[in-house]
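Structure first, then comments.
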Amino acid sequence: MVQLLHVEIKRACRRHTGFCLQNIGFSLDGGELLLVCGPSGSGKTTLARILAGVFDGYFKGFVKVRGLLAYL
Numbered sequence: 003m004v005q006l007l008h009v010e011i012k013r014a015c016r017r018h019t020g021f022c023l024q025n026i027g028f029s030l031d032g033g034e035l036l037l038v039c040g041p042s043g044s045g046k047t048t049l050a051r052i053l054a055g056v057f058d059g060y061f062k063g064f065v066k067v068r069g070l071l072a073y074l
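Residues 3 to 74 (my numbering) are what the sequence shown spells out, left to right.
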């Protein structure tokens, strides 16, 4: 099966709060879904915002998608 998406997040921090997502990585193949679950405040929405490209100066760090590096 062809790999459609590979994501790596290294120390993506929310500015002014110090909250960080560290060392997150996953790959999705065609037809696969990703389920993210956890308690309130664990970073689910932060992860979704980063993956959606909604950075707007709110984050610092970097994310790598399909081998392309983007600084937050």
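The C-beta atom is built at its ideal place from N, Cα and C for all residues, glycine as well.
What you are looking at is a predicted structure, and each value in this text was computed from that prediction instead of being measured.
Residue state for Leu35 is assigned as coil, using DSSP reduced to three classes.
A Cβ-Cβ distance of about 11 Å is found for the pair Leu23 and Thr47, leaving them out of contact under the 8 Å criterion. Per DSSP, the beta bridge partners of Ala72 are Val65. Within a 10 Å sphere around the beta-carbon of Gly45 sit 16 or more other beta-carbons, which makes this residue buried. Going by beta carbons, Leu30 and Leu36 fall inside the 9 Å limit.
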